[in-house]
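Remarks on the structure that follows.
Residue numbers (the working numbering): 15 to 132.
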């Protein structure tokens, strides 16, 4: 199918390096499919890239904020947070990208977007 081809193409691009556009496409695809774990992995990867490029000082770009908002709207904030905690496994300390994604979720909650009550 078209989605499978898109996913394979984006994964092949990611295998050879960092590509925010491929990650954004996968985030949209996984959100549409309600695949929360893989969607969060893509969001974490993009947060990591922007933190690295900006030395951890710049805010998350609005387009990424919008895509994470779409994920929250689709599956609910509690599901996103549960999956984020589950992705850490046994680790108790947050990595910088996880802290960055938590800040994005807090910002979305303060904006009172649809999906934060779920």
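Just so it is clear, CB atoms sit at the ideal spot from N, CA and C, and this is done for glycine as well.
Report task. Report all residues from its chain with a CB closer than 7 Å to the CB of residue 65; omit the five preceding and five following residues, and keep chain order. Result -> Same-chain partners within the cutoff: 110, 111, 114.
Query raised in the report: My guess is that residue 88 and residue 45 are in contact by the Cβ rule of under 8 Å, so how many angstroms apart are they, rounded?
Result: Contact flag correct, Cβ pair sits at about 5 Å.
Query raised in the report: What's the call for residue 61, buried or exposed, on a 16-neighbour Cβ count within 10 Å?
Result: Residue 61 is buried by the Cβ-count criterion.
Requested in this report: Would you identify the three-state DSSP class for residue 15, choosing helix, strand or coil?
Outcome: Coil.
Query - Contact under 9 Å by Cβ, residue 38 with residue 101 - result: Contact: no.
Query raised in the report: In terms of alpha-carbon separation, which member of 132, 104, 79 lies closest to residue 116?
Result: If we check each option's Cα against that of residue 116, 79 comes out closest.
Query raised in the report: Roughly how many angstroms lie between the CA atoms of residue 118 and residue 104, to the nearest whole one?
Result: Going by the C-alpha atoms only, they are around 23 Å apart.
Requested in this report: Determine the direct distance from the alpha carbon of residue 98 to that of residue 108, and round the result to whole angstroms.
Outcome: Rounded to whole angstroms, residue 108 to residue 98 spans 10 Å at the Cα level.
Query raised in the report: Do residue 83 and residue 125 have their C-beta atoms within less than 9 Å of each other?
Result: Yes, these two residues count as a Cβ contact at 9 Å.
Query raised in the report: Can you tell me whether DSSP reads residue 128 as helix, strand or coil?
Result: In the structure shown, residue 128 sits in coil (DSSP, three-state: anything other than H, G, I, E or B).
Query - Own chain partners of residue 52 with C-beta closer than 8 Å, once the 5 adjacent residues on each side are dropped - result: Excluding sequence positions up to five before and after residue 52, its CB lies within less than 8 Å of the CB of 40, 44, all in the same chain and listed in chain order.
Query raised in the report: Looking at residue 28 and residue 18, is the spacing between their C-beta atoms short of 9 Å?
Result: It is not a contact, given that the beta carbons lie outside the stated cut-off.
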